[in-house]
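Some notes on the structure that comes next.
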Amino acid sequence: MTTQAKMAAENVDFFYGDFKALKDINIIFPENRVTALIGPSGCGKSTFIRCLNRMNELIPEARLEGKVALDGADINDNKVDVVDLRRRIGMVFQKPNPFPKAIYENIAYAPRIHGVAKKGPEMDELVETSLRKAGLWDEVADRLQAPATSLSGGQQQRLCIARALAVQPEVLLMDEPASALDPIATQKIEELIHELKEKLTIIIVTHNMQQAARVSDYTAFFYMGELVEVDETETMFTKPSKKQTEEYITGRFG
Ligand SMILES: Nc1ncnc2c1ncn2[C@@H]1O[C@H](COP(=O)(O)OP(=O)(O)OP(=O)(O)O)[C@@H](O)[C@H]1O
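Residue numbers (UniProt numbering): 1 to 254.
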């Protein structure tokens with residue numbers, strides 16, 4: 001296993017109009033590792049994770065300064081094809097958002113558009129593999145044509161993960177992926193994160209400190225738009241170097 005930097009942010013500032021939501025963020029995301037982004041509500045976690053696949057550029061008057069790199073290359077460069085970028089950097093959101101279509105079609109749609117697999121047996125196999133990787137195959141194998149909305153919330157979230165995996169991303173961004181789920185469904189997502197990091201680099205926003213401690217190798221603590229501290233998760237939770245981090249993880253504020 002390598003610990004090369006898969007992604008990095010260098011001197012990143014982010015503005016919503018005049019409001020500076022991120023201030024000089026510098027961080028690297030090692031390959032095949034899970035990095036958790038934690039911090040109190042409004043500190044900029046979601047804003048930051050959305051900078052990592054250019055999701056923020058759809059917001060009028062929003063502006064990024066600095067560099068966000070994937071394998072060393074600036075993702076905001078004019079030459080970068082944003083559709084291809086989002087294939088390489090998948091994203092899963094807080095609320096499961098399957099397409100209002102059949103389970104099979106949820107997985108097959110993007111690979112078809114990106115030309116990853118042809119219709120027929122090749123696509124069938126990709127759908128099955130993606131669902132297996134997301135730990136959902138056994139629960140849906142006999143109802144692939146049922147609407148995705150007929151699944152439970154936890155199943156829908158694993159379907160969204162399968163959908164992201166179907167186009168073979170290199171990085172998976174997860175913005176509070178389990179916050180709408182019950183403890184059992186949450187545990188399944190956490191187990192999945194452990195398995196997926198063998199092949200992927202994962203960056204996860206979570207409000208849940210125990211979850212950050214369980215799933216991540218590295219933890220980054222944000223506060224009021226600044227990255228206060230980033231370190232190995234074990235160090236962050238046992239002997240953080242900044243007082244603010246300690247106060248937050250021990251529940252004294254936030
Ligand atoms: N579209 C937007 N336009 C203007 N300001 C925004 C927008 N989105 C977020 N903000 C502001 O940017 C700051 C950071 O918000 P962000 O959603 O990134 O925080 P967060 O840490 O993810 O919070 P939470 O944990 O509550 O989701 C907040 O002050 C928020 O009000």
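The beta carbon of each residue, even a glycine, is placed where N, CA and C say it ideally should be.
Remember, it's a predicted structure, so these values are computed and weren't measured experimentally.
Look at the alpha carbon of ILE38 and the alpha carbon of GLY120, and state the distance between them as a whole number of angstroms. For ILE38 and GLY120, the distance between alpha carbons rounds to 43 Å.
What residues match up with ALA102 in a beta bridge as DSSP calls it? Bridge partners of ALA102: PRO147.
Are there any heavy atoms of ligand 1 lying less than 6 Å away from the beta-carbon of SER152, as far as the coordinates show? Result no, Cβ not under 6 Å from ligand 1.
With a threshold of 8 Å, are at least 3 pairs of Cβ atoms found where one atom belongs to the stretch 34-54 and the other to the stretch 165-179? Segments in contact, yes.
Residue ranges of each alpha helix (DSSP H) run of no fewer than 4 residues wholly in the stretch 72-140, ordered along the chain? Runs of the alpha helix (DSSP H) lying entirely within the stretch 72-140 and spanning at least 4 residues, in chain order: 82-88, 103-114, 121-133, 137-140.
Grab me the residues of SER241's own chain with a C-beta within less than 7 Å of its C-beta, minus the 5 sequence neighbours each way, in chain order. For SER241, same chain residues with a beta-carbon under 7 Å away, outside a window of 5 residues either side, are GLU229 in chain order.
Suppose only complete runs of 3+ residues qualify. What are the beta strand (DSSP E) ranges in the stretch 13-55, listed by chain order? You should have 19-30, 34-38.
Whole angstroms is fine: what's the gap from MET1's alpha carbon to ALA185's? Low local confidence applies: a pLDDT of 46 at MET1 is under 50, so the model's placement there is unreliable, with the coordinate-based value given in what follows. In a straight line, the C-alpha of MET1 is about 29 Å away from that of ALA185.
In the DSSP assignment, the alpha helix (DSSP H) including VAL215 goes from what residue to what residue? For VAL215, the enclosing alpha helix (DSSP H) starts and ends at 209-215.
Determine the extent of the alpha helix (DSSP H) in which LEU165 is found, giving its start and end residues. Secondary structure note for LEU165: its alpha helix (DSSP H) is the uninterrupted segment 153-165.
Have a look at the DSSP bridge pairing and note the partners of PHE58. The residue you asked about is not Phe; residue 58 is Leu in the sequence shown. When DSSP reads this structure, LEU58 sits in no beta bridge, so it has no partner.
First and last residue of the uninterrupted alpha helix (DSSP H) at MET236: For MET236, the enclosing alpha helix (DSSP H) covers residues 233-238.
Report the residue from ARG214, LYS243, THR35, THR219 whose alpha carbon sits nearest the alpha carbon of THR235. It is THR219.
Cα-Cα, which of ARG163, GLU246, ASP77 is closest to PHE93? Checking every option, the nearest Cα to that of PHE93 belongs to ARG163.
Distance between beta carbons of SER216 and ALA166, contact taken as under 8 Å: Not quite, the Cβ-Cβ distance comes to about 24 Å (not below 8 Å), so this is no contact.
Please state whether DSSP places ALA178 in a helix, a strand or coil. Reduced to three states, the DSSP call for ALA178 is coil.
Between ALA21 and the rest of its own chain, which residues show a CB-CB distance below 8 Å, the 5 nearest in sequence each way excluded? Listed in chain order, the non-local C-beta contacts of ALA21 below 8 Å within the same chain comprise PHE14, PHE15, GLY44, THR47, GLY225, local neighbours out to five positions each way being set aside.
Rounding to the nearest angstrom, what Cα-Cα distance links ILE202 and ASN56 in this structure? ILE202 and ASN56: Cα-Cα distance of roughly 19 Å.
Could you check what DSSP says for LYS6 in three-state terms: helix, strand or coil? Strand, per DSSP.
Can you check which of these residues, GLY17, VAL34, ILE25, is closest to THR233 by C-alpha distance? Among GLY17, VAL34, ILE25, the Cα nearest to that of THR233 belongs to VAL34.
Output the boundary residues of the beta strand (DSSP E) element that contains THR219. Where THR219 is concerned, the enclosing beta strand (DSSP E) stretches over 218-223.
Of the residues THR250, ASN11, PHE222, GLU195, the one placed nearest GLN210, counting alpha carbons only: It is THR250.
With distances taken from CA atoms, which of GLU190, ALA62, ASN106, MET7 is nearest PRO147? With distances taken between CA atoms, PRO147 lies nearest to ASN106 out of GLU190, ALA62, ASN106, MET7.
How big is the Cα-Cα spacing for LEU181 and GLY154? For LEU181 and GLY154, the distance between alpha carbons rounds to 6 Å.
With DSSP as the reference, label LEU173 as helix, strand or coil. Strand.
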